[in-house]
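So that you can map any letter, position 302 of the sequence shown is 302 in full-length UniProt numbering, and since no number is skipped, the others follow by simple counting.
Note that the Cβ used here is the ideal one computed from N, Cα and C, for glycine as well.
Taking it in order: structure first as C-alpha cells, then the write-up.
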Amino acid sequence: MKVLLIDVYHYNRGGAETVCFNTGQLLQAHGHEVVYFCLKWKRNLPSPFEHYFPESKETRRGVLRQVKNLVNYFYHFEAARKMDQLLRDEQPDIAHIHLIWGQITESILPVLRRHGVPVVLTAHDFRVVCPAYVFRDGRGQICERCQGRYFYHCFLHKCAKNNWVMSGVMAAEQYFRNAFFNPSRLIDGFIYVSHFTKKKHETYMPALRQKPNMVLYNNAPEIAAEPYKKQGEPYFLFMGRLSGEKGIRTLVEAMNGLPSCRLKVAGTGPQEAELKRYAAEHGLSNVSFCGYQTGVPLATLVREARFIVVPSECYENNPMSIIEAYAIGTPVVGANIGGIPEIVPEGVTGFRFESRNADDL
Numbered sequence: 001m002k003v004l005l006i007d008v009y010h011y012n013r014g015g016a017e018t019v020c021f022n023t024g025q026l027l028q029a030h031g032h033e034v035v036y037f038c039l040k041w042k043r044n045l046p047s048p049f050e051h052y053f054p055e056s057k058e059t060r061r062g063v064l065r066q067v068k069n070l071v072n073y074f075y076h077f078e079a080a081r082k083m084d085q086l087l088r089d090e091q092p093d094i095a096h097i098h099l100i101w102g103q104i105t106e107s108i109l110p111v112l113r114r115h116g117v118p119v120v121l122t123a124h125d126f127r128v129v130c131p132a133y134v135f136r137d138g139r140g141q142i143c144e145r146c147q148g149r150y151f152y153h154c155f156l157h158k159c160a161k162n163n164w165v166m167s168g169v170m171a172a173e174q175y176f177r178n179a180f181f182n183p184s185r186l187i188d189g190f191i192y193v194s195h196f197t198k199k200k201h202e203t204y205m206p207a208l209r210q211k212p213n214m215v216l217y218n219n220a221p222e223i224a225a226e227p228y229k230k231q232g233e234p235y236f237l238f239m240g241r242l243s244g245e246k247g248i249r250t251l252v253e254a255m256n257g258l259p260s261c262r263l264k265v266a267g268t269g270p271q272e273a274e275l276k277r278y279a280a281e282h283g284l285s286n287v288s289f290c291g292y293q294t295g296v297p298l299a300t301l302v303r304e305a306r307f308i309v310v311p312s313e314c315y316e317n318n319p320m321s322i323i324e325a326y327a328i329g330t331p332v333v334g335a336n337i338g339g340i341p342e343i344v345p346e347g348v349t350g351f352r353f354e355s356r357n358a359d360d361l
C-alpha cells in the first residue's frame, strides 16, 4: 500500500511530527510505501518529495507576503495545486493527516476527495472543534464556551495567546472551515489518541460519531531494557515547552516544600526567564535548567531520572513525553487532566495529582 502522510512540518518540531515520522518508519518496516506532503521550512529534513512542498510563512517572499500569509491561513491555494500534482504523480492509496489547520489548510481536502483518495485524520489536538486548539482562554483557564459552534467566544476571551487579533482570525477561520470544508464531510475516518479526545470531539461535533474511528495511543520506538541502575544524586525531570499550559510554574513552586529533592528542567519557552527568576528569588538551588535537549543527552536525562513529571494545566491528549519515558523505563508523575489518567495508572507506572495544585504535587 502507498500511504500519503501529511503534516505542516517535515522536521521534529513537536509531538505530532514525532508520531508522523514514527508512523512512517513503522509503515515502511512492514513493507508499505510512504509519501510525505508538508510545507517548506528552513529546518526541514531532506525528502525526495520536497518539490511538492508549498511555501510556508517562513519561506514566502514578496511585498504582499503578509497579505498572502493571512489569506493562506484560511485557504492555501498553492497547497491545493501541489497536492493535485502529487496525487497525479504518486497515486497514493490513502492519505493520513496529522496537522494541516491554519498552515496547509483544508484546501487539500476537496482535492483528495476529487482524486478518490480516502482520508484519515489523527486528532493530535482539538482544532477540529476549538479555534485555539487546547480549550484554554486568554487567562489560561479551561474553556469550552464555543461548544463546537459559538466560535466568537474565542475572540471575546482572547483564547489565542491572549491576543485580540489572533483570536479573531482563528475564530473566523473556524467559521469559514465549518461552512465550506467541514471535517465531518471531507474526512473519512478519525484516529483519536485518547478516549478523552474522542469524547470531546464527538460531543462538540456529533456528526463525527457516524465516522469510522478508533482510539490509538501514540507510539515510540522500543528501547532495549536495562537493569535499574540510576546513577548519581536522584532527581525528577520535566521535559518540554516552558509555557503556561504545561504547568511548569506549579512544578517549580512545589519544589519550595521539597528542599531535599532535585528537579531538572529540560526545555525552553516563553516562561523560561520568569521561572529562572522565581527560582533565584526563592533560593531554589534544587532546581536546575538544562536548556533544550534532544537525542542521546535527553534520553540519558530521562533514563537517570527517578520520575519524569508532567504537570499539565490543559487538556493533554496523549503526551509523547510520557510514551518516550515508558520506552526508556522511567515512571511518570502526571496531572489528573485530559488523557493523562488513561496512560498513567495510579501506582502501576506512576502517580497522579490534581492539576494546578502544587501542594498535592
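Tell me, to the nearest whole angstrom, how far the beta carbon of G267 is from that of G240; I am working on the premise that it is less than 8 Å. Here G267 really is in contact with G240; their C-beta atoms are around 5 Å apart, less than 8 Å.
Is there contact between the segment 296 to 310 and the segment 105 to 123, where contact requires at least three CB pairs shorter than 8 Å? No, they do not touch.
What are the uninterrupted segments assigned as beta strand (DSSP E) that are 3 or more residues long and contained completely in the segment 218 to 265, given in chain order? Listed in chain order, they are 236 to 239.
How many Å lie between residue 369 and I328 at the Cα? Since the first residue of the chain shown is 1 and the last is 361, residue 369 is not available in this structure.
Candidates P331, D360, L361, G338: which alpha carbon is nearest V348's? Put simply, of P331, D360, L361, G338 the residue whose alpha carbon is nearest the alpha carbon of V348 is P331.
Backbone CA spacing between N317 and L99 [nearest angstrom]: About 14 Å.
For a test of the three-state rule: what should DSSP assign to C290, helix, strand or coil? Strand, per DSSP.
Pull up the CB-CB distance for P311 and L216, whole angstroms please, since I reckon it's below 8 Å. Actually they do not touch by this definition, with Cβ atoms about 25 Å apart.
Taking Y192 as part of the beta strand (DSSP E), name the residues at either end of that continuous run. DSSP places Y192 inside the beta strand (DSSP E), whose first and last residues are 189 to 192.
Contact set for A358: own chain, Cβ-Cβ below 6 Å, skip 5 residues either direction: So the list reads T250, E253, A254, once near-sequence residues are dropped.
L361 (DSSP reduced to helix, strand or coil): Residue state, collapsed to three classes: coil.
Between the CA atoms of C159 and S260 - distance to the nearest angstrom: Just so you know, the alpha carbons of S260 and C159 end up roughly 38 Å apart.
Sequence-distant residues of the same chain with beta carbon closer than 6 Å to G148, five excluded per side: Only V129, Y204, M205 meet the Cβ criterion.
Can you tell me the Cβ-Cβ gap for A123 and T197, rounded? I've got them flagged as a contact below 8 Å. Contact annotation, A123 with T197: C-beta distance approximately 6 Å; criterion of less than 8 Å satisfied.
Touching by the beta-carbon criterion (3+ pairs, under 8 Å), the segment 151 to 165 and the segment 47 to 66: No: the two stretches stay apart, fewer than three of their Cβ pairs being nearer than 8 Å.
Got a sec? Which residues, its chain only, sit under 7 Å from K57 by beta carbon, not counting five neighbours each side? Here the set comprises N69.
Curious, which full-length beta strand (DSSP E) runs of at least 3 residues does the segment 65 to 136 contain? Listed in chain order, the complete beta strand (DSSP E) runs (minimum 3 residues) inside the segment 65 to 136 are 94 to 97, 119 to 123.
Within 10 angstroms of its Cβ, does T300 collect 16 or more other Cβ (buried), or is it exposed? Under this definition T300 is an exposed residue.
Cβ pair count under 8 Å reaching 3, the segment 92 to 108 against the segment 6 to 26: Verdict: yes, contact present.
Cutting at 6 Å between CB atoms, please list the residues of its own chain near P183, excluding the five before and the five after it. Cβ within range, chain order: V128.
Using three-state DSSP, classify F181 as helix, strand or coil. The three-state secondary structure of F181, taken from DSSP, is coil.
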